[in-house]
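Colleague: Numbering (the numbering used here), first residue to last: 1 to 224. Backbone N, C-alpha and C fix where the C-beta goes; we use that ideal spot for every residue, glycine too. Bear in mind the structure is a predicted one, so any value in this text is a computation, not a measurement. Have a look at the structure that comes next, please.
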DNA sequence: TGATGATCATAA
DNA sequence: TTATGATCATCA
């Protein structure tokens with residue numbers, strides 16, 4: 001068995017690929033793909049995600065789009081404990097601090113990415129050596145009306161603050177399901193934003209993340 | 001001990 | 001520099 005070298009043609013094929021690797025360990029998948037296994041994730045935080053991308057046929061590289069544009073599917077790995085409870089929040093996308101006029105929830109990058117997600121849970125307990133952590137059964141998810149409404153409300157509140165120049169007042173405590181946190185290589189990375197007076201300022205780049213309480217509910221709905 | 005704020009690696 | 005893949009590590 002080896003990783004595919006083409007993108008899946010249909011959602012069914014993508015799901016079939018995820019089923020092929022369910023139950024296998026990250027060590028086995030890395031070996032089969034001829035990928036080096038780091039001792040831990042401290043300096044390789046995106047390693048698992050990249051490995052799964054490779055096995056499902058996602059195109060490497062960074063684009064502000066879905067992983068499988070032709071399928072309209074976004075791929076997300078998520079570390080879980082023995083009860084299928086998420087151990088980490090889930091990064092969604094960059095938070096634009098210079099918002100484009102006319103952007104609404106319907107046309108936002110957040111909604112575009114979350115419209116159809118293939119969740120791939122991975123054993124994430126730090127007590128388990130990285131190579132021994134197994135891949136769980138993946139599943140497709142689309143926000144239901146209730147989930148979409150919650151996400152929309154959070155997105156609109158946070159986006160409104162950015163538009164009003166209140167970026168510096170945004171804290172990760174805001175947002176029921178979706179929140180904003182720094183997203184950068186370090187604290188001295190700066191990007192442009194505006195303050196309440198419309199003056200251009202420099203601030204740390206931010207990203208949208210899903211709370212574990214929200215993703216946990218999504219997972220439990222599918223593993224009960 | 002969980003969540004917030006900070007950080008690491010890589011690509012283009 | 002922006003954006004992807006995320007998890008780390010400190011502190012309330």
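With burial defined as no fewer than 16 other Cβ atoms inside 10 Å of the residue's Cβ, what is the status of residue 124: buried or exposed?
Modeller: buried
Colleague: If you drop the 5 nearest sequence neighbours on each side, which residues of the same chain put their C-beta closer than 7 Å to that of residue 128?
Modeller: none
Colleague: Please classify residue 189: does DSSP put it in a helix, a strand, or coil?
Modeller: coil
Colleague: In whole angstroms, what is the alpha-carbon distance linking residue 50 and residue 32?
Modeller: 14 Å
Colleague: On the three-state DSSP scale, how would you describe residue 220?
Modeller: helix
Colleague: Helix, strand or coil, according to DSSP, for residue 117 in the structure here?
Modeller: strand
Colleague: Are the region 66 to 86 and the region 192 to 209 in contact at 8 Å, needing three or more beta carbon pairs?
Modeller: no
Colleague: For residue 58, which three-state DSSP category applies?
Modeller: coil
Colleague: Would you mind listing the beta strand (DSSP E) stretches within the region 20 to 99 that are 3+ residues and don't spill past its ends, in chain order?
Modeller: 74 to 80, 90 to 95
Colleague: Going by beta carbon distance, what residues of the same chain come within less than 8 Å of residue 5, once the five residues before and after it are set aside?
Modeller: The beta carbon of residue 5 lies closer than 8 Å to those of 57 in the same chain, with the five residues before and after it left out.
Colleague: In three-state terms, what does DSSP make of residue 201?
Modeller: strand
Colleague: Tell me which residues share the same chain as residue 90 and place their Cβ nearer than 7 Å to its Cβ, disregarding the 5 neighbours each side in the sequence.
Modeller: 76, 78, 209, 210, 215
Colleague: So what does residue 225 bridge to, in DSSP terms?
Modeller: Residue 225 cannot be examined here, being either before or after the span of the chain that is shown, 1 to 224.
Colleague: Spatial neighbours of residue 25 within its chain, please: C-beta separation below 7 Å, excluding the five flanking residues on both sides.
Modeller: 131, 132, 133, 134
Colleague: Quickly, what does DSSP pair residue 214 with across the bridge? List them, please.
Modeller: Its beta-bridge partners do not exist; DSSP assigns none.
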